[in-house]
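*Asks:* Numbering follows full-length UniProt numbering, with no gaps: position 631 of the sequence shown is 631.
Using N, Cα and C, we set each Cβ at its ideal position, and we do this for glycine too.
Predicted model, so just to flag it, every value in this text is computed and none were measured.
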Amino acid sequence: MSWAKKDEDGGESGLLHHLDKTTVLQEARVFNETPISPKKCRILLAKIAYLLYVGESFATNEATDLFFSITKLFQSKDTSLRQIVYLVIKELSTVAQDVIMITSSLTRDMQPNSEAIYRSNAIRALCKIVDGNMLQGVERFLKAAIVDKTTSISSAALVSSYHMLPIAKDVVRRWANEVQEAMNSKSGLGFMSTSSYTGNGVMSQYHAMGLLYQIRQHDRMAVIKLVQSFAGSGRGFLSSSATLRSTMAHCLLIRYACKVMEEDPSTQRQLFELLEGWLRHKSDMVNFEAAKAICNMQNLSAKDLFSAVSVLQHFLSSSKPTLRFAAIRTLNRLAMTNPTAVTVCNIDMENLITDSNRSVATFAITTLLKTGNEASVDRLMKQITGFMSEISDEFKVIVVEAIRSLCLKFPAKHGTMLAFLSSMLRDEGGYEFKRAVVEAIFDLIKSIPESKEVALSHLCEFIEDCEFTKISVRILHLLGVEGPKTPTPTVYIRYIYNRIILENAIVRAAAVSALGKFGVNVADENVKKSVRVLLTRCLDDVDDEVRDRATWALKVMGDEVTAEKYVKDDSSYALAALERSLVDYCSAPERTEVPFDISIIPQITRKQAEAERHTVSAIDYANLGTVPSVAGPGAPAAAQKAKPSNVDQQLSYAKEIAKIPEFASYGPLFKSSLKPVELTESETEYVVTCTKHMFSEHVVFQFHCHNTLNDSLLENVSVIMQTDDEGLEEIENIPVEQLAYDVPGSVFVSFKREDSEAFPVATFSNTMKFVVKDCDPTTGEPDEQGYEDEYLLEDVELSIGDYILPSYISDFARVWGELGEEAEVVETFALTALDSLQTAVTSIVDILSMQPLENTDTPKSQTTHTLFLSGIFLGGIKVLVKSRMSFTKTTGVTMEFSVRSSDEEVSRFVMATIA
1 MSWAKKDEDG
11 GESGLLHHLD
21 KTTVLQEARV
31 FNETPISPKK
41 CRILLAKIAY
51 LLYVGESFAT
61 NEATDLFFSI
71 TKLFQSKDTS
81 LRQIVYLVIK
91 ELSTVAQDVI
101 MITSSLTRDM
111 QPNSEAIYRS
121 NAIRALCKIV
131 DGNMLQGVER
141 FLKAAIVDKT
151 TSISSAALVS
161 SYHMLPIAKD
171 VVRRWANEVQ
181 EAMNSKSGLG
191 FMSTSSYTGN
201 GVMSQYHAMG
211 LLYQIRQHDR
221 MAVIKLVQSF
231 AGSGRGFLSS
241 SATLRSTMAH
251 CLLIRYACKV
261 MEEDPSTQRQ
271 LFELLEGWLR
281 HKSDMVNFEA
291 AKAICNMQNL
301 SAKDLFSAVS
311 VLQHFLSSSK
321 PTLRFAAIRT
331 LNRLAMTNPT
341 AVTVCNIDME
351 NLITDSNRSV
361 ATFAITTLLK
371 TGNEASVDRL
381 MKQITGFMSE
391 ISDEFKVIVV
401 EAIRSLCLKF
411 PAKHGTMLAF
421 LSSMLRDEGG
431 YEFKRAVVEA
441 IFDLIKSIPE
451 SKEVALSHLC
461 EFIEDCEFTK
471 ISVRILHLLG
481 VEGPKTPTPT
491 VYIRYIYNRI
501 ILENAIVRAA
511 AVSALGKFGV
521 NVADENVKKS
531 VRVLLTRCLD
541 DVDDEVRDRA
551 TWALKVMGDE
561 VTAEKYVKDD
571 SSYALAALER
581 SLVDYCSAPE
591 RTEVPFDISI
601 IPQITRKQAE
611 AERHTVSAID
621 YANLGTVPSV
631 AGPGAPAAAQ
641 KAKPSNVDQQ
651 LSYAKEIAKI
661 PEFASYGPLF
671 KSSLKPVELT
681 ESETEYVVTC
691 TKHMFSEHVV
701 FQFHCHNTLN
711 DSLLENVSVI
721 MQTDDEGLEE
731 IENIPVEQLA
741 YDVPGSVFVS
751 FKREDSEAFP
761 VATFSNTMKF
771 VVKDCDPTTG
781 EPDEQGYEDE
791 YLLEDVELSI
801 GDYILPSYIS
811 DFARVWGELG
821 EEAEVVETFA
831 LTALDSLQTA
841 VTSIVDILSM
851 QPLENTDTPK
861 SQTTHTLFLS
871 GIFLGGIKVL
881 VKSRMSFTKT
891 TGVTMEFSVR
901 SSDEEVSRFV
911 MATIA
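#1: With a threshold of 16 other CB atoms inside 10 Å of the CB of Q722, please say whether the residue is buried or exposed.
#2: Can you tell me whether S907 is helix, strand or coil according to DSSP?
#3: Taking V717 as the reference, which of Q702, G727, E730 has the closest Cα?
#4: What would DSSP say about F670, mapped onto helix, strand or coil?
#5: What is the DSSP secondary structure of L713, counted as helix, strand or coil?
#6: Tell me which residue opens and which closes the beta strand (DSSP E) that H693 is part of.
#7: Alpha carbon to alpha carbon, how far is E697 from I914? Give it in angstroms, no decimals.
#8: Using the Cα positions of M911 and A574, report the straight-line distance between them to the nearest angstrom.
#9: Quick one: is R379 buried, meaning 16 or more other Cβ sit within 10 Å of its Cβ, or exposed?
#10: Looking at C-alpha atoms only, which residue of Y497, A436, N498, R140 is the closest neighbour of E178?
#11: Does DSSP classify D65 as helix, strand or coil?
#12: Please report the distance separating the alpha-carbon of V224 from that of Q217.
#13: For F596, which residues of its own chain have a beta-carbon under 8 Å away from its beta-carbon, when the five flanking residues on both sides are left out?
#14: CB-CB under 6 Å to Q738, same chain, minus the five flanking residues each way: which ones, in chain order?
#15: What does T828 pair with, by DSSP beta-bridge criteria?
#16: Tell me the DSSP bridge mates of D774?
#17: Output yes or no for whether 8 Å exceeds the beta carbon distance between T469 and V507.
#18: Assign T34 to buried or exposed, taking buried as 16 or more other Cβ atoms, counted over all protein chains shown, within 10 Å of its Cβ.
#19: Buried or exposed for L539, please, with buried defined as at least 16 other CB atoms from any protein chain shown within 10 angstroms of its CB.
#20: Under a three-way DSSP split, which group does D806 fall into?
#21: For C460, is the classification buried or exposed, using 16 other Cβ atoms within 10 angstroms of its Cβ as the cut-off for buried?
#22: On a Cα-Cα basis, can you pick out the residue from S80, L25, N373, S672 that is closest to R42?
#23: If you reduce the DSSP assignment to three classes, tell me which class A436 lands in.
#24: Tell me whether A59 sits in a helix, a strand or coil according to DSSP, three-state version.
#25: State buried or exposed for S57, treating a residue as buried only when at least 16 other CB atoms are found within 10 Å of its CB.
#26: So the candidates are T340, W816, R404; which of them puts its Cα closest to the Cα of T366?
#27: Which residue's Cα is closest to the Cα of G519: E545, K555, V542, D544?
#28: Out of E276, I877, N357, M203, state which residue places its alpha-carbon closest to the alpha-carbon of S307.
#29: Could you tell me which uninterrupted alpha helix (DSSP H) segments, each at least 4 residues in length, are contained entirely in the region 88–134, listed from first to last along the chain?
#30: With hydrogens ignored, establish whether the beta-carbon of V399 is closer than 7 Å to any heavy atom of the ligand FMN.
#31: Nearest CA to the CA of D795: which residue from R900, E818, T767?
#32: I'd like the span of the alpha helix (DSSP H) that includes V360, first residue to last.
#33: Smallest Cα separation from Y791: which of T680, D711, P744?
#34: Taking H218 as part of the beta strand (DSSP E), name the residues at either end of that continuous run.
#35: Contact between the region 838–848 and the region 809–818: three or more CB pairs below 8 Å?
#36: Which whole-angstrom value is the C-beta distance of A823 and D903, which I expect to be below 8 Å?
Okay, structure coming up:
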C-alpha cells in the first residue's frame with residue numbers, strides 16, 4: 001500500500017482523497033471480526049481520522065456506534081493499532097455519547113505494569129474524556145504519572161493536566177508538589193546530548209515549567225520565587241539541584257521573568273541582572289530569548305542595551321538563516337525606539353542586504369534606514385531598488401514605512417524619497433501596498449511643506465491609472481484640501497475633472513466634492529467661473545449622489561455664509577458623543593418632547609475626527625498581512641501607540657454607567673473626568689482611583705478598587721464620603737459585593753445638587769469600608785468568617801472644571817465677538833509663584849479643563865503670550881476664555897483674564913476658579 005500522492009495530471013491525488021463517510025461506516029463491521037485483523041483496522045481508523053481532519057461531521061448516533069465498535073480493539077496487543085485507536089477515540093469523544101464507559105479500559109492501560117507507550121496514550125485519551133468531577137477518581141494515577149521516571153509518561157501527564165486546569169482548577173492545583181518534583185527530576189539524562197544541551201529526556205521539564213506557572217500565576221510572590229529558584233541555571237552544567245536542562249523551559253522562564261517585571265517594576269533591576277547572565281547561556285535559543293527580552297524593556301539606555309545588542313550582532317553573521325532573521329527582526333523593532341543602540345550593528349547589517357533570504361535582506365535595509373545618517377541615504381536607496389521586485393507586498397509595506405520615517409528624519413532628502421515612492425506607485429502591487437505608498441506621500445505633504453507640489457503632481461499622475469476606488473477617493477479629498485492653497489491651483493482641476501468623465505460613481509462624487517472646494521477656497525474669479533461651468537455639467541450625471549453634491553457645491557459657491565460655516569470651518573462634532581447623545585435622547589420618550597440640543601455636543605478639529613475614525617484601521621495597518629509579527633516592526637509608530645481618544649473614553653464611561661439601573665433617571669451623561677484621581681499610592685495593598693461623572697443635576701463618583709493581596713478576599717466594599725457643603729445630598733452608595741485578588745471592581749457614590757442653578761465646589765473625605773476574609777494564596781479559597789476593616793483614602797475635590805466640557809471652535813475671534821461684552825468678566829492677577837509662561841498655561845488648562853485653541857497651549861515667546869480656551873458649561877452654555885499674560889523674572893507672571901459666555905453667572909463661576 002502506498003500513501004504517496006499520485007500525479008495530479010493522472011486524475012488521482014491520494015488514497016484517502018475520495019473517501020465517503022457512508023462507505024466508511026459500512027466498513028466499520030471489520031472491528032467486530034474475530035480474530036481482529038490489525039492491518040485492516042489500522043487502514044479503516046486512518047480513514048476515519050482523515051474524515052475528522054477534513055471537517056466531516058458525524059451524527060451523534062453514528063459517532064456513538066463507531067466509538068464503541070472501536071473500543072473492542074482494546075483486545076488486540078498490536079502496538080501500532082493501539083496507538084491509532086487512542087487517537088481516534090479522542091476525536092470521537094467530543095461527539096459520541098456515554099464515552100465515559102471507556103474509562104475502565106483506559107485506567108487499566110494507565111497502570112504502572114502497562115507498557116510505556118500504552119500509558120502515555122491512555123493518559124491523553126482519558127483526560128480528553130473525563131470531566132472535573134470524575135478527575136478525582138483517577139487523580140492518584142495522574143500524580144504518579146507526573147513523577148514517573150519515563151519522560152514520555154511524565155510529559156503526557158503534565159500536558160494533560162495543563163489542559164484539564166480550566167475545568168478542574170482546584171484538583172490540578174493540588175498537584176503542585178508533584179509538578180515541582182518533575183521539574184527537579186534528572187530522569188532521562190542518558191538520552192541527552194550535552195553538545196546541543198537539549199534532548200527528549202528534558203522535554204518533561206519544559207511541560208512542568210508551563211504547568212507550574214499556570215498553577216501559581218495568580219500568586220506574584222510564588223512566580224518571583226519560581227524565577228529566582230532557577231536563576232543559577234545555565235551558568236554551569238547541572239550546577240544545582242534546581243537546574244533547567246531544557247532550553248525551551250529556559251525560554252519560558254525568561255518570559256515569566258518579563259511578566260514579573262511588568263507587574264512589579266521594583267524587581268526590574270534584580271531580574272535585569274539575571275537576563276544579562278542568561279545572555280552567556282550555552283544555547284543560542286536562550287541567548288536570543290534573553291536578548292529579545294532586554295530589547296523589549298522600556299526606558300533602557302544604550303549602555304544597558306549593549307550586552308543584548310552584542311549578542312544579536314553576533315547572530316547576524318551566523319550560518320543559520322533562522323538566527324539571522326530573528327536577530328535582524330529584533331534589532332529592527334529596537335531601532336524604532338532606540339536607534340542609537342543599534343547603530344553599532346550597521347556594518348553587519350549592510351552585509352545582509354545581499355542575503356539570499358529576502359526576508360532577512362528586507363529587515364536589514366529597513367533597519368539601516370532607521371539608524372543611518374543623511375549621507376548614507378542615497379546609497380541605501382540604490383540598494384533598495386535592486387530587490388524590491390523580488391519581495392512580497394507585506395515586506396514592501398515594511399520598506400515603505402521605513403522610507404517614510406527616514407524622510408521625516410531627514411527632510412532635505414525628500415526629493416530622492418518622493419522619486420522612489422512615485423516609482424513604486426507605477427510598479428505592480430496589491431491594495432495594501434499601494435495604500436502604504438500613498439499614505440507615506442500624504443505624511444510627507446503634511447510634514448514637509450516644500451514637498452507639497454511635487455507630491456501632489458505624483459498623486460495626480462497615479463489616479464489617472466489607479467484601479468483602487470478607495471485610494472482614488474483619498475487622493476481626491478487631499479487634492480481638494482491642499483490644491484487651492486498652491487500657487488497654481490488650476491493645474492489640478494484638469495486631473496480632477498478627468499475622474500468625473502472616466503471613473504465610477506463613487507470616484508465621480510469625490511471629484512465633485514474636490515471641485516467644490518476649489519470653487520469656494522480659490523479667490524481668482526476666473527477659476528471660480530471655470531469650476532462653476534464644470535459643476536453645472538455634473539448636474540446631468542446619471543448618479544443621484546453626484547448630482548446632489550454638484551448642486552450643493554454650486555449653492556455653497558454663491559453663499560459666503562454657508563461656505564464659511566460648512567466648508568471653511570475646521571471644526572467637527574465628536575461623532576461618538578453625538579451618537580451617544582442621540583441614543584439617550586431617543587431612548588427616553590419624555591425627552592423627545594423637547595428639541596434635541598446639539599450645543600451640548602463637544603466639537604473637535606477635523607484632523608482629530610479623522611484620527612478617531614482611523615484609530616482601528618491604523619492598528620490593523622500595523623498588523624498587516626497574514627504574518628503580523630513581520631509587519632509589526634515596520635508599522636507606523638503612531639499606529640503602535642494608538643490609544644483610545646478622549647471622546648472614546650467618554651463613550652466607554654457612558655456605556656458603563658448606563659448598565660447601572662440606579663442611575664437611569666439621571667439623564668444623559670454630560671462629562672467624565674479624563675484622568676482618574678489617585679487616592680492611594682500604587683504600591684499599597686489596596687489601590688484606589690476615582691473618576692467623576694457629571695449629569696444635569698447629579699454627580700457620580702466611581703472608585704476603581706484593586707486588591708493586591710493574594711491572601712485576602714474583600715467583601716461588601718463601600719466608600720463613605722463626607723463633605724461640609726450643604727448643597728449636595730447623597731442619593732446612592734453602590735458597593736462591590738466581592739473584591740478578589742487582582743480582580744478590579746468599582747464602587748459608585750452619587751450626589752444630587754439641591755439647587756439646579758448652583759454649582760457647588762467641595763472637598764470630600766473618603767474611607768473605604770469592607771469585610772476581610774483570609775484565603776489560601778494557592779487555591780484562593782476564603783475562610784468562612786471574616787472581620788470588618790476600613791482604609792483611609794485621599795480627599796477628592798469637586799471643582800468648577802468638572803462642570804466644563806472641552807470643545808473646539810475654528811474661529812475664536814468670531815465667536816468671541818458674537819458673545820459680546822454683556823456677560824464678560826475681566827480681572828488681573830499677579831502670579832509670582834510661577835516660573836514661566838508655559839507653567840502658567842499648563843496650570844490654567846488643567847484647572848479649567850477647557851480646549852486650547854490655535855496652538856496657544858504652547859507659548860512662542862518667553863515674555864508675552866495670549867491663551868485662548870473654549871468649552872461648554874453644564875447646561876450647554878458656551879464659555880470662552882482669553883488670557884493675556886507676560887513674564888519677568890522679578891514679578892513672575894502677570895495675567896489679564898477674560899471670560900465670556902451667554903450667562904454672566906457662569907462667567908463669574910469660571911473666574912472664581914482662577915481667583
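*Replies:* According to the structure shown:
#1: exposed
#2: helix
#3: Q702
#4: coil
#5: strand
#6: 686–694
#7: 24 Å
#8: 27 Å
#9: exposed
#10: R140
#11: helix
#12: Note on residue identity: the sequence assigns Ile, not Val, to residue 224. Computed Cα separation, rounded: 10 Å.
#13: S581, L582, Y585
#14: E715
#15: E896
#16: S712
#17: yes
#18: exposed
#19: exposed
#20: One point to set straight first is that residue 806 is Pro, not Asp, in the sequence displayed. Strand at P806.
#21: buried
#22: S80
#23: helix
#24: coil
#25: exposed
#26: R404
#27: K555
#28: E276
#29: 103–109, 116–129
#30: Only the bare structure without any ligand can be found here, which leaves the ligand FMN out of the picture.
#31: T767
#32: 358–371
#33: T680
#34: Segment: none, H218 is in no beta strand (DSSP E) and carries neither H nor E.
#35: no
#36: 6 Å
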